[in-house]
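Visitor: Got a structure here, written out as structure tokens. Questions coming.
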Amino acid sequence: MEIKVVRQILEWNENCHEELQKEFNEKKILMLNIMGSPGAGKTTFLTRIIEALRDEYKIGVIEGDIAGKIDAERIANMGIPVVQLNTDGACHIEAMSIKNILPNFDLKDLDILVVENIGNLVCPAEFDIGEDLKIALLSVPEGDDKVEKYPLMFSRADALVISKYDMKDYFSFDEDRVIGNTLNMNKDAKVFKVNSSKAQGIDKVCEWIKSYIKR
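Terminal number for the sequence shown in the working numbering: 198, no gaps in between.
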């Protein structure tokens, strides 16, 4: 499958997020924004979500990276339509770039559009990009202090996914601290514990996602 690579257009339209949401609502597309640090396990998590939902829903992916197309190739090998968005140094994706990418998809043939955002706990949280749901990954090896250090990411997330949960016994990771700090800022956030390498906990995430599918 050919991968289209586009460059981020660095212009901002404060109404673009709302325009995208309106278009996605009209076309009954659920848009997910997956965020987290480099190495948090975003791509493996995404592939597991795709595996679990692809028989029931049609999925498209926008892969955000500063450079390269390694993760996009991984998604394309699953037979999923994917567009690589390279920001050439920018630490986040903007709504205008999503808008300009949409013509690369047949939106009439999508139920779910997933954006894997740039690996960063700061900038991506500041920019709405038309999403219905924000999903923030925090891996066990990153440590249990990240919610306090990067509060905006976790205060705005609709779901906190503690990834690489199978490694909890090998690190000093206080999950109660992480969950408590998240819920103190964001009482409605859902919390999931996953081991994406073995798809453990993915079923619960997918049930939550399915509850937002637009019909």
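Note that the Cβ used here is the ideal one computed from N, Cα and C, for glycine as well.
The model shown is predicted, which means the values in this text are computed figures rather than measured ones.
1) Relative to the C-alpha of lysine 129, which candidate in Asn164, Lys52, Leu85 has its C-alpha closest?
2) Closest to valine 174 by C-alpha separation, out of Tyr148, Gly51, Arg57, would be which residue?
3) Taking Cβ to Cβ, would you say leucine 15 is nearer than 8 Å to isoleucine 145?
4) What's the C-alpha gap between glutamate 77 and glutamate 190?
5) Which same chain residues, not among the five before or five after aspartate 141, have their C-beta less than 6 Å away from its C-beta?
6) Taking contact to mean 3 or more Cβ pairs, one atom from each stretch, closer than 8 Å, check whether the segment 56 to 74 and the segment 37 to 47 are in contact.
7) Bridge partners for isoleucine 145 per DSSP, in chain order?
8) Of all the options Gly126, Glu34, Cys74, Glu39, which has the alpha carbon lying nearest to the alpha carbon of arginine 57?
9) With DSSP collapsed to three states, give me the class of isoleucine 42.
10) Leaving aside the five residues before and after lysine 41 along the sequence, list all residues of the same chain whose C-beta is less than 7 Å from its C-beta, in chain order.
11) Could you tell me whether the Cβ atoms of phenylalanine 7 and glycine 43 are closer together than 8 Å?
12) For phenylalanine 154, count neighbouring Cβ atoms within 10 angstroms of its own Cβ and tell me buried if that reaches 16, exposed if not.
13) Thinking C-alpha only, which one of Ile63, Glu131, Gly102 is nearest alanine 73?
14) Thinking C-alpha only, which one of Ile(-14), Glu(-15), Glu1 is nearest glutamate 114?
15) Exposed or buried, which one is arginine 31 when buried takes at least 16 other CB atoms within 10 Å?
16) Does DSSP put glycine 47 in a helix, in a strand, or in coil?
17) Determine the closest residue to glutamate -15 out of Gly22, Pro21, Ala59, with distance taken between C-alpha atoms.
18) In the DSSP assignment, what are the bridge partners of glutamate 131?
19) Whole angstroms is fine: what's the gap from phenylalanine 199's alpha carbon to isoleucine 17's?
20) Among Ser194, Met150, Arg198, which residue has its Cα nearest to the Cα of asparagine 178?
21) Buried or exposed: glutamate 200, going by 16 or more other Cβ atoms within 10 Å of its Cβ?
Guide: Per the coordinate set shown:
1) Asn164
2) Tyr148
3) no
4) So the alpha carbons of these two residues sit roughly 28 Å apart.
5) Leu116, Lys117
6) yes
7) The partner list for isoleucine 145 (beta bridge, DSSP) reads Leu121, Lys176.
8) Glu34
9) strand
10) Asp92, Leu93, Asp94
11) no
12) exposed
13) Comparing Cα-Cα distances from alanine 73 to each of Ile63, Glu131, Gly102, the minimum goes to Gly102.
14) When only C-alpha atoms are compared, the closest one is Glu1.
15) buried
16) Reduced to three states, the DSSP call for glycine 47 is strand.
17) Ala59
18) Glutamate 131 is not bridged to any residue.
19) Residue 199 lies beyond the range of the chain shown here (-16 to 198); nothing can be said about it.
20) Met150
21) A query on residue 200 cannot be resolved here, the shown segment of the chain reaching from -16 to 198 and no further.
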